[in-house]
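Taking it in order: structure first as structure tokens, then the write-up.
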Amino acid sequence: MRKFNIRKVLDGLTAVSSSSSASSSSQQQQSGNRESDIPETLQSEHFQLCKTVRHGFPYQPSALAFDPVQRILAIGTQTGALRLFGRPGVECYCQHDSESAVIQLQFLINEGALVSALADDTLHLWNLRQKRPAILHSLKFNRERITFCHLPFQSKWLYVGTERGNIHIVNVESFTLSGYVIMWNKAIELSSKSHPGPVVHISDNPMDEGKLLIGYESGTVVLWDLKSKKADYRYTHDEAIHSVAWHHEGKQFICSHSDGTLTIWNIKSPAKPLQTITPHGKQLKDGKKPEPCKPILKVEYKTARTGEPFIILSGGLSYDTVGRRPCLTVMHGKSTAVLEMDYSIVDFLTLCETPYPNDFQEPYAVVVLLEKDLVLIDLAQNGYPIFENPYPLNIHESPVTCCEYFADCPVDLIPALYSVGARQKRQGYSKKEWPIGGGNWGLVTQSYPEIIITGHADGSIKFWDASAITLQVLYKLKTAKVFEKSRNKDDKPNTDIVDEDPYAIQIISWCPESRMLCIAGVSAHVIIYRFSKQEVTTEVIPMLEVRLLYEINDVESPDGEQAPPLPTPGTGSNPQSIAPQSHPSTSSSSSDGLRDNVPCLKIKSSPLKQSAGYQIELVIQLVWVSGEPPQQITSLAVNSAYGLVVFGNCNGIAMVDYLQKTVLLNLGTIELYGSNDPYRREPRSPRKSRQPSGAGLCDINEGTTVPEDRCKSPTSGNYKTAFFFKYFNIIITQNIYFIFSAKMSRKLSLPTELKPDLDVRDNSFSRSRSSSVTSIDKESREAISALHFCETFTRKADTSPSPCLWVGTTLGTVLVIVLNLPPGGEQRLIQPVIVSPSGTILRLKGAILRMAFLDTTGSIVPPAYEPWREHNVSEDKDEKDKLKKRRPVSVSPSSSSQEISENQYAVICSEKQAKVISLPSQNCIHKQNITETSFVLRGDIVALSNSSCLACFCANGHIMTFSLPSLRPLLDVYYLPLTNMRIARTFCFTNNGQASYLVSPTEIQRITYSQETCENLQEMLGELFTPVETPEAPNRGFFKGLFGGGAQSLDREELFGESASGKASRSLAQHIPGPGGIEGVKGSASGVIGELARARIALDERGQKLGELDERTAAMLSSADSFSKHAHEMMMKHKDKKWYQF
1 MRKFNIRKVL
11 DGLTAVSSSS
21 SASSSSQQQQ
31 SGNRESDIPE
41 TLQSEHFQLC
51 KTVRHGFPYQ
61 PSALAFDPVQ
71 RILAIGTQTG
81 ALRLFGRPGV
91 ECYCQHDSES
101 AVIQLQFLIN
111 EGALVSALAD
121 DTLHLWNLRQ
131 KRPAILHSLK
141 FNRERITFCH
151 LPFQSKWLYV
161 GTERGNIHIV
171 NVESFTLSGY
181 VIMWNKAIEL
191 SSKSHPGPVV
201 HISDNPMDEG
211 KLLIGYESGT
221 VVLWDLKSKK
231 ADYRYTHDEA
241 IHSVAWHHEG
251 KQFICSHSDG
261 TLTIWNIKSP
271 AKPLQTITPH
281 GKQLKDGKKP
291 EPCKPILKVE
301 YKTARTGEPF
311 IILSGGLSYD
321 TVGRRPCLTV
331 MHGKSTAVLE
341 MDYSIVDFLT
351 LCETPYPNDF
361 QEPYAVVVLL
371 EKDLVLIDLA
381 QNGYPIFENP
391 YPLNIHESPV
401 TCCEYFADCP
411 VDLIPALYSV
421 GARQKRQGYS
431 KKEWPIGGGN
441 WGLVTQSYPE
451 IIITGHADGS
461 IKFWDASAIT
471 LQVLYKLKTA
481 KVFEKSRNKD
491 DKPNTDIVDE
501 DPYAIQIISW
511 CPESRMLCIA
521 GVSAHVIIYR
531 FSKQEVTTEV
541 IPMLEVRLLY
551 EINDVESPDG
561 EQAPPLPTPG
571 TGSNPQSIAP
581 QSHPSTSSSS
591 SDGLRDNVPC
601 LKIKSSPLKQ
611 SAGYQIELVI
621 QLVWVSGEPP
631 QQITSLAVNS
641 AYGLVVFGNC
651 NGIAMVDYLQ
661 KTVLLNLGTI
671 ELYGSNDPYR
681 REPRSPRKSR
691 QPSGAGLCDI
701 NEGTTVPEDR
711 CKSPTSGNYK
721 TAFFFKYFNI
731 IITQNIYFIF
741 SAKMSRKLSL
751 PTELKPDLDV
761 RDNSFSRSRS
771 SSVTSIDKES
781 REAISALHFC
791 ETFTRKADTS
801 PSPCLWVGTT
811 LGTVLVIVLN
821 LPPGGEQRLI
831 QPVIVSPSGT
841 ILRLKGAILR
851 MAFLDTTGSI
861 VPPAYEPWRE
871 HNVSEDKDEK
881 DKLKKRRPVS
891 VSPSSSSQEI
901 SENQYAVICS
911 EKQAKVISLP
921 SQNCIHKQNI
931 TETSFVLRGD
941 IVALSNSSCL
951 ACFCANGHIM
961 TFSLPSLRPL
971 LDVYYLPLTN
981 MRIARTFCFT
991 NNGQASYLVS
1001 PTEIQRITYS
1011 QETCENLQEM
1021 LGELFTPVET
1031 PEAPNRGFFK
1041 GLFGGGAQSL
1051 DREELFGESA
1061 SGKASRSLAQ
1071 HIPGPGGIEG
1081 VKGSASGVIG
1091 ELARARIALD
1101 ERGQKLGELD
1111 ERTAAMLSSA
1121 DSFSKHAHEM
1131 MMKHKDKKWY
1141 QF
């Protein structure tokens, strides 16, 4: 520990410039000795990084498959991802290394295996019999492009159709090509003068496995006899074919065409179709052909023992139905049902009772894979209702704009949210059980409750139960219902500062213990919610309007050096009077026709019915000032014990007492410093020239004059970072999907990086950039980037902690505001809260991201909170007594409140570095430069294994953890490059080694940095494959067997094996063995990441391993020696015997 003490001394000498070096060093040594008493139990071996589970709808789906025996659904995507779904709670995510689009999936039914065909012309065989599926074999086609695959039930021979029109046959056991090839010219012979196009369909006759039906894109269909190696029949049609389906008796098949028609063919009548149907075509008089329709992309033909067969198809609508949504059509007998979908149809499958193609199919449901949803339709009930989807596939119902993750929540929280959320469920679903029910759940080794909260573009907030690597929606809150909605675009208020999604959620601040919720929205609005199990009707929605502005007039310039006056209790009742008095021109400027004192959104004036759950306590809106729109909120904090909410932006900070509904503090950021401003910022005149509406990517401070010394950056390296991101954002928005891409733009000035995509959310990146990018050459706009309520020591002379607010800015300054709270009970609602800024505590490089406090044992001191209680009840005597009793808890709920009076440590993390400050002495006892070349996007102080650590995610893709309070590095792993702003906006760490982020617009990826969780992960994961007996084959019946009318089997081995068909050309395809034969190695999910994470620890264990190796070598030598002796004895025994005597 001695070397750490020396470093602390040096850090202290550089950090505390106000005191003399001698006294400083002695203080450091004392604090160092005191600090060294804190045991730090976390070591590097406690950390390992790996992905745990991915939730949500597969982004950009492209293929669908279903195993009817195992009852598992597989979805492939355009980025090479594979998602497998069993019963609710059993999900799996895999990824093809090439990241090529999945064009088709084929289950080996009831075998626990799956074949995937990719757009890069590779086939992969996945082993599903292990918890983490892996590739067993791959086959890369070199000369031909794969267009269609077909694997008959209970066969090991896979038919592969290509773009050239040829069909190759692959043995799925060895993943080698057969020498048997069906060439396109042999298949069509003289029936067509031109190439028939790519193979779009392959299937064997349900009643005769020796007959193969091949569909070519041009409209030709061939029935190929596998034994005689020639075509039995050829069926030609003028229109291009999209899909083909058999009737189960094998005498008819149906084709769907590009003109919106269906043709039904008798296999023995190739001249013309038996019937032509145009499901959506208008029948014209005089026997003319119906008008052409859009292509029917897929058709399925399913039979039932009782009743008419089902013909199910996608597409085929008439061209005059402009604007009509995509449809699935179900034709059953004479009835035709057209089922409208919310998104375009990617693929669909009919679920049937039997896996055998030669039996009555008995369809009972249709799985429809849409572009952004998965729908299951019940075919057995009238009206075809849909099944209620139990998977968490609606994360993206409205685009996710921010995300927060809470582990180890109070145990009563999830049941409370579930009970109010259960009342929100829609009605009218199918009464049947969800049909996808394969697999088994894993063991639950994590017992603590976890909650993920997502904020969305439409103003909604969703609470998710994320316990034990599952995800289930608990409750949905719509924050937009408090505002008046414009009926049409012309009604839109001209005070809007965003073109679309004015209610989008930017920041979420939540206290799980008190259940108080506070959100900040994109239209500079803050809403405070209180949880209640009772339904209420609010007659008048409580609201406050706040003028938070920045410019200061020349007349007031002498006052700029003075500490801001405290608001008096009298001013608290009127929010308008709270505005700083340094703006006398405000009222006169409104005569210029400029917008003034108007909020961006209009609150409903009619009574608002609020159901059980989260109910509005107060709405706060920032208003326009002299034609300037309110700037977006960059930080937010709520505290239930104090009854306060505070928020800041690049103009300043405002604090509101939500119990008394008054504004307590409204200051520009510069005014927080008082006379201690290190930048000596002079008050400025209001700008003379205004930016026109819709200004492009100009700087927000364009046209203002700034003193020359303000152009210097307070921290080294800020210029480079700022310019990089100015460029980075513009490039990124052109190439990568964004929640608000292109459609959201400021009508007036915005921080530069917000203009392309309005990406300020509750994450460190967005907040920190708003200053450095906006003011690359002038830091006059210093935004509030971090806020933390706590009970701590505010001054060096303090002997006991008191309530206060710590404020971090984008210039790396930490300031403290002291809170003087009135007594509890009725006095709290009458007497004012006194707030007084107490000046700067310290400065760090880069914007402040996160602050937390540790007690003398090194444990995190949680902010004070008020335990939740039901507010919507009549306050009788008992309630008042409870209120009085609750008072001590609300101020100091921490059990360690007596201990912390002795000493505390503040942990502060910025974009560049972290510091640990001893309180009340305010000495910096530890400092760690986290990154020199990059910057931290998200930093969280979290609890792990009865200790605490600082977890950071950097823009260069590194995830790091540091021990507290020494800031000793424990983990540094390159995990994920910042390719998208969505990751930066939604990444968050939480307790017990958990973290999550939005990996795509529709999916949440959860990861762990805890070694213990990594070790237990294999047990926690569900099993996809479960042993199930294959149903019995259909009975052929006596007469069918006697007269040969039943299904004809085929010995494919005899036809396609090497002895009969020879070897395939080596240049045609290349076999690549896969890594998936062994049960997945624990770290293999994260690949190289897991290896790197353990490399450093492995070095320490090397000596021990070498020792073990020596022992093993000695054992092998002795074993070899004994074997040699035994062999010699055997030789001597039999040396005289002849070979025939053995």
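Residues in the sequence shown are numbered from 1 upward in steps of one, following full-length UniProt numbering.
Glycine is no exception: its CB is placed at the ideal position from the N, C-alpha and C atoms.
Buried versus exposed, by CB contacts within 10 Å (16 or more), VAL1028
exposed
Are VAL638 and MET543 close, meaning C-beta to C-beta below 8 Å?
no
Anyone know if the C-beta pair for TRP806 and VAL818 falls short of 8 Å?
no
Among residues of its own chain, excluding the 5 on either side of LEU1068, which ones have a beta-carbon nearer than 8 Å to its beta-carbon?
PHE141, ASN142, ARG143, GLU144, HIS168, LEU177
Distance check for TYR475 and PHE793, CA to CA, integer angstroms please.
39 Å
Nearest to LYS227 by alpha carbon, out of ILE241, TYR216, LEU212, VAL221?
LEU212
When the distance is taken between beta carbons, is ARG985 closer than 8 Å to CYS402?
yes
Separation of CYS600 from HIS150, as counted between CA atoms:
58 Å
I'd like to confirm the pairing. Which residues does DSSP put opposite ASN923 in its beta bridges?
SER918
Tell me whether GLN130 sits in a helix, a strand or coil according to DSSP, three-state version.
coil
The beta strand (DSSP E) enclosing residue 1145, as first and last residue numbers:
One cannot answer for residue 1145 here, as it falls past the ends of the chain, which runs 1 to 1142.
Cβ atoms of ILE541 and ALA520: under 8 Å apart, would you say?
no
Looking at the structure shown, is MET1132 part of a helix, part of a strand, or coil, going by DSSP?
helix
Provide the residue span of the beta strand (DSSP E) that contains ASN171, from first to last.
167 to 171
Alpha helix (DSSP H) containing ALA117: first to last residue?
Per DSSP, ALA117 belongs to no alpha helix (DSSP H); it is in the beta strand (DSSP E), 113 to 118.
Going by Cα to Cα distance, which pick from THR856, ILE941, LYS927, TYR974 is closest to PRO920?
THR856
Where ASN110 sits in the DSSP three-state scheme
coil
How about the segment 464 to 472 and the segment 595 to 612: do they share at least three Cβ pairs that are nearer than 8 Å?
no
By the 10 Å Cβ neighbour count, where 16 or more other Cβ atoms means buried, how is residue 1163 classified, buried or exposed?
The structure shown does not extend to residue 1163, since the chain is modelled only from 1 through 1142, so no value can be given for it.
Using DSSP with H/G/I as helix, E/B as strand and the rest coil, what is ASN597?
coil
How is the alpha helix (DSSP H) around GLU671 delimited, first residue to last?
669 to 673
C-beta contact flag for LEU339 and LEU64 at 8 Å:
no
Between GLN913 and LEU970, how many whole angstroms is the CB-CB distance? I'm expecting something under 8 Å.
GLN913 to LEU970, Cβ: 17 Å. No contact.
Between which two residues does the beta strand (DSSP E) holding SER419 run?
Where SER419 is concerned, there is no enclosing beta strand (DSSP E), although the alpha helix (DSSP H) it sits in stretches over 413 to 421.
Just checking, does the segment 346 to 364 make contact with the segment 411 to 419 on the three C-beta pairs under 8 Å criterion?
no
Determine the burial state of residue 1194: buried for a count of at least 16 other Cβ atoms within 10 Å of its Cβ, exposed for fewer.
There is no way to answer for residue 1194, as the model of the chain reaches only from 1 to 1142.
Can you tell me which of LEU548, SER838, GLU353, ALA906 puts its alpha carbon nearest to the alpha carbon of ILE620?
LEU548
Quick test of your reading: GLN904 and PHE853, contact by CB under 8 Å. State the CB separation rounded to the nearest angstrom.
6 Å
For THR538, three-class secondary structure by DSSP
strand
How about CYS50 and CYS1014: do their beta carbons lie closer than 8 Å?
yes
Should the segment 951 to 966 be called in touch with the segment 365 to 380, which here means at least 3 C-beta pairs below 8 Å?
no
Decide if ASN185 is buried, meaning its Cβ has at least 16 other Cβ atoms within 10 Å, or exposed.
exposed
With 16 other CB atoms within 10 Å as the buried threshold, where does GLN427 fall?
exposed
Reduced DSSP secondary structure (H/G/I, E/B, other) of ASN1016
helix
What's the C-alpha gap between ILE670 and ASP677?
7 Å
Length of the line joining the Cα atoms of THR990 and TYR1009
10 Å
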